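Visitor: Take this structure, written in structure tokens, and hold onto it; I'll ask about it next.
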DNA sequence: ACCTGAACACCGTTCAAGT
DNA sequence: ACCTGAACACCGTTCAAGT
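Residue numbers (full-length UniProt numbering), protein chains in the order written: chain A, 1 to 213; chain B, 1 to 213.
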């Protein structure tokens, strides 16, 4: 019979990612992750210090998936690609943002990522202060966009129309919201995704003007 | 003896806010909220449908604290004030962002807020499409900034220096991160808070240019 | 109408015991 | 060295019972 491969911190984190992708952060319990590995919950404690350490590792695993900027590219396409990659990865694991909010210990993948982004900006003539500005505004935008995108009240598949019906917005109470829905969303195959590029370009334009590059 | 005031949905949500402010979202359990009110957990079910409904109400309560734009102000200061107010409120209740990520049912306070912001933009000459762009980029920025701010690895009081010591960043592995810390953070009474205004002004400039107002 | 106690199926973690 | 069973103090929720 196929003897079960030995447990390891990596295999435990892998299993936790699978559980989270399947049912969200709430289902990531020591018991569920153990079951995913065909093992009792208590066995996991030989490989991770506890649930908190497992969640730290989970967060760092996701950041490791985000593409690093190539060291020799101009900053603007490099930052645009990084933002797009971060959005794809964080949207694919919607539970990851919930982790960002509560994890205080930056892991090696996150530190590596920060270093690569700063390096790209510095090599392209950004001062240290300007690189700090750029990183702050870009990161905030990407995180925040994914946060609202993940939280959209309608599923990506169904489109907003069904949702609008269900919400049954009282027009007199929320006239401007109703206008927005009627003119900009309903029946227009409104893709919230397009907003991402608009805001990103706006920010990159602003950074280019201020950095003088 | 002072007879206990009758329970009500409002009092239950109030108690949940107190529990969350004290110990974070993880401590908001039906049992803990009940204890806060001097009542058994099961009593709460007569006033809220369940824990999920309680969390929805908790999220909407926080949004209700964010200041609405005055109806007759120019859009730019109104948006700047709204962003600042949202940042203050969300930072004061750091657990609220964790709720945004998981709540799909917009409550009345959130709808009212959205409507007021859109109204301000429309009255100031923004087209419907441009108002959608503006709302998207501003909201993403504010949410994302608070998310990273709340998650800063050092406490607001202690400043970053102690943290930098504790992290003991390996300079050879993360040269650019080390440079940023050495030149821009350490001993310079670096206030991450200042980054908020920088990014916000950058975005408002971009919107003004694009909206032509 | 409102509150409760017991119960059920969960949770993280400790610890002594097994192999 | 690695895995486990029982135990402890929790969790959301149901339900029959009390007032």
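Just so it is clear, CB atoms sit at the ideal spot from N, CA and C, and this is done for glycine as well. Quantities reported herein were computed from a predicted structural model and do not represent experimental measurements.
Can you look up residue 66/A in the DSSP assignment and give me helix, strand or coil?
Guide: Taking the first residue of the first chain as position 1, residue 66/A is located at position 66. If DSSP states are grouped into helix, strand and coil, residue 66/A belongs with coil.
Visitor: Could you check how far apart the C-beta atoms of residue 183/A and residue 128/B are, in whole angstroms? I think they sit under 8 Å.
Guide: Numbered from 1 along the first chain, position 183 holds the residue referred to as residue 183/A. Numbered from 1 along the second chain, position 128 holds the residue referred to as residue 128/B. Contact flag correct, Cβ pair sits at about 5 Å.
Visitor: In angstroms with no decimal places, state the Cα-to-Cα distance between residue 30/A and residue 21/A.
Guide: By one-based count along the first chain, residue 30/A stands at place 30. By one-based count along the first chain, residue 21/A stands at place 21. In a straight line, the C-alpha of residue 30/A is about 15 Å away from that of residue 21/A.
Visitor: Check distances from the C-beta atoms of the segment 126–142 of chain B to those of chain A and list, in chain order, the residues that come in under 8 Å.
Guide: Taking 8 Å as the Cβ-Cβ cut-off against chain A, the residues of the segment 126–142 of chain B that qualify are 128, 129, 131, 132, 133, 136, 137, 139, 140, 141 and 142.
Visitor: For residue 8/B, count the other beta carbons within 10 Å of its own beta carbon; 16 or more makes it buried, fewer makes it exposed. Which is it?
Guide: Stepping through the second chain from its first residue, residue 8/B is reached at position 8. It is exposed - the Cβ of residue 8/B has fewer than 16 other Cβ atoms within 10 Å.
Visitor: Is it true that the segment 45–57 of chain B meets the segment 191–209 of chain A, where meeting means three or more beta-carbon pairs spaced less than 8 Å apart?
Guide: Taking 8 Å as the limit for Cβ pairs, the verdict is that the segment 191–209 of chain A does not touch the segment 45–57 of chain B.
Visitor: Decide if the segment 60–75 of chain A is in contact with the segment 25–39 of chain A; the criterion is three or more beta carbon pairs, one per stretch, under 8 Å apart.
Guide: Counting Cβ pairs under 8 Å, fewer than three are found: no touch.
Visitor: Let me confirm a value: residue 149/B is counted as buried when at least 16 other C-beta atoms fall within 10 Å, else exposed. Which label applies?
Guide: By 1-based counting over the second chain, the position of residue 149/B is 149. So residue 149/B counts as buried.
Visitor: Could you confirm whether any beta carbon from chain B is found closer than 9 Å to the beta carbon of residue 64/A?
Guide: If you number the first chain from 1, residue 64/A lands on position 64. Chain B, which has no Cβ nearer than 9 Å to the Cβ of residue 64/A, makes this no.
Visitor: Check whether chain A comes within 9 Å of residue 213/B, counting only Cβ atoms and requiring the distance to be less than that.
Guide: The sequence position of residue 213/B within the second chain is 213, counting from 1. No, residue 213/B does not count as interfacial toward chain A.
Visitor: Taking Cβ positions only, does residue 19/A come closer than 9 Å to chain B?
Guide: What you label residue 19/A is simply residue 19 of the first chain in a count that begins at 1. With 9 Å as the cut-off, residue 19/A does not count as an interface residue toward chain B.
Visitor: Between the Cα of residue 23/A and the Cα atoms of 124/A, 204/A, 6/A and 94/A, which residue gives the shortest distance?
Guide: Taking the first chain and counting its residues from 1, one reaches residue 23/A at position 23. If we check each option's Cα against that of residue 23/A, 94/A comes out closest.
Visitor: Identify whether residue 126/A lies in helix, strand or coil by the three-state DSSP scheme.
Guide: Walking along the first chain from the start, residue 126/A turns up at place 126. Residue 126/A: coil per DSSP, three-state reduction.
Visitor: Which residues in the same chain have their Cβ closer than 7 Å to the Cβ of residue 116/B, if we skip the five residues on either side of it in sequence?
Guide: Numbered from 1 along the second chain, position 116 holds the residue referred to as residue 116/B. Within the same chain, residue 116/B has close Cβ partners 68 and 69.
Visitor: Which residues, taken in chain order from the segment 178–200 of chain B, show a beta carbon closer than 8 Å to some beta carbon of chain A?
Guide: Listed by position along the chain: 179, 180, 183, 184, 192, 195, 198 and 199.
Visitor: Looking at the unbroken alpha helix (DSSP H) that takes in residue 177/B, where does it start and where does it end?
Guide: Counted from its first residue, the second chain places residue 177/B at position 177. Segment 175–180, the alpha helix (DSSP H) holding residue 177/B.
Visitor: For chain A, is any of its Cβ atoms less than 9 Å away from the one on residue 39/B?
Guide: Within the second chain, the letter at position 39 stands for residue 39/B. No - not a single Cβ of chain A is within 9 Å of the one on residue 39/B.
Visitor: Which residues in the same chain as residue 213/B place their Cβ atom closer than 8 Å to its Cβ, once the five residues preceding and following it in sequence are excluded?
Guide: Your numbering for residue 213/B matches position 213 in the second chain. Once the five neighbours on either side are set aside, the close Cβ partners of residue 213/B are 75, 124, 125 and 126.
Visitor: Among the residues of its own chain, which have a CB less than 8 Å from the CB of residue 171/B, if the five just before and after it don't count?
Guide: Working through the second chain from its first residue, we reach residue 171/B at position 171. Around residue 171/B: 178.
Visitor: Kindly indicate if chain B contains any beta-carbon less than 9 Å away from that of residue 93/A.
Guide: Taking the first chain and counting its residues from 1, the one referred to as residue 93/A is at position 93. So, not an interface residue.
Visitor: Show which residues of chain B have a CB atom less than 9 Å away from the CB atom of residue 151/A.
Guide: To locate residue 151/A, count along the first chain from 1; it is residue 151. Chain B residues near residue 151/A: 100, 101, 102, 103 and 104.
Visitor: Would you mind listing the beta strand (DSSP E) stretches within the segment 38–90 of chain B that are 3+ residues and don't spill past its ends, in chain order?
Guide: Counting whole runs of 3 or more residues, the segment 38–90 of chain B contains no beta strand (DSSP E) stretch at all.
Visitor: Would you please state the rounded distance, in angstroms, between the beta carbons of residue 137/B and residue 203/B? I believe it to be under 8 Å.
Guide: For the purposes of this step, residue 137/B is identified with residue 137 of the second chain, where counting begins at 1. For the purposes of this step, residue 203/B is identified with residue 203 of the second chain, where counting begins at 1. Contact flag correct, Cβ pair sits at about 6 Å.
Visitor: Around the C-beta of residue 48/B, are 16 or more other C-beta atoms found within 10 angstroms, so that it is buried, or is it exposed?
Guide: Taking the first residue of the second chain as 1, we reach residue 48/B at position 48. By the neighbour-count rule (16 or more Cβ atoms within 10 Å), residue 48/B is buried.
Visitor: Can you tell which of 84/B, 60/B and 143/B has the C-alpha that lies nearest to the C-alpha of residue 98/A?
Guide: Numbered from its first residue, the first chain carries residue 98/A at position 98. The candidate whose alpha carbon is nearest that of residue 98/A is 143/B.
Visitor: Could you give the C-beta distance for residue 63/B and residue 110/B, rounded to a whole number, given that I count them as a contact under 8 Å?
Guide: Working through the second chain from its first residue, we reach residue 63/B at position 63. Working through the second chain from its first residue, we reach residue 110/B at position 110. Correct: roughly 5 Å between the Cβ atoms.
Visitor: Using a Cβ cut-off of 9 Å (strictly closer), state whether residue 49/A contacts chain B.
Guide: Locating residue 49/A in the first chain gives position 49, where the first residue counts as 1. No, no contact with chain B.
Visitor: Could you compute how far the alpha carbon of residue 209/B sits from the alpha carbon of residue 134/B?
Guide: Working through the second chain from its first residue, we reach residue 209/B at position 209. Working through the second chain from its first residue, we reach residue 134/B at position 134. Using only the alpha carbons, I get a separation of about 12 Å.
Visitor: Taking C-beta to C-beta, are residue 61/B and residue 151/A nearer than 9 Å?
Guide: Counted from its first residue, the second chain places residue 61/B at position 61. Counted from its first residue, the first chain places residue 151/A at position 151. Contact flag unset, no.
Visitor: Quick test of your reading: residue 107/A and residue 59/A, contact by CB under 8 Å. State the CB separation rounded to the nearest angstrom.
Guide: Position 107 of the first chain, counting from 1, holds the residue named residue 107/A. Position 59 of the first chain, counting from 1, holds the residue named residue 59/A. Confirmed, about 7 Å.
Visitor: Is residue 2/B close to chain A, meaning its C-beta is less than 9 Å from at least one C-beta of that chain?
Guide: Within the second chain, residue 2/B is the residue found at index 2, counting from 1. Any reading at residue 2/B must be qualified, since the residue scores a pLDDT of 40, below 50, and its modelled position is unreliable; the value itself is stated next. So no, residue 2/B is outside the interface.
Visitor: Does residue 210/B come within less than 9 Å of chain A when only Cβ atoms are used?
Guide: Numbered from its first residue, the second chain carries residue 210/B at position 210. With 9 Å as the cut-off, residue 210/B counts as an interface residue toward chain A.
Visitor: Quick one: Cα of residue 44/B to Cα of residue 17/B, how far?
Guide: Here residue 44/B is taken as the residue at index 44 of the second chain, counted from 1. Here residue 17/B is taken as the residue at index 17 of the second chain, counted from 1. Rounded to whole angstroms, residue 44/B to residue 17/B spans 15 Å at the Cα level.
Visitor: If we ignore side chains and look at the alpha-carbon of each, how far apart do residue 211/A and residue 205/B end up?
Guide: Locating residue 211/A in the first chain gives position 211, where the first residue counts as 1. Locating residue 205/B in the second chain gives position 205, where the first residue counts as 1. The straight-line gap from Cα to Cα measures roughly 15 Å.
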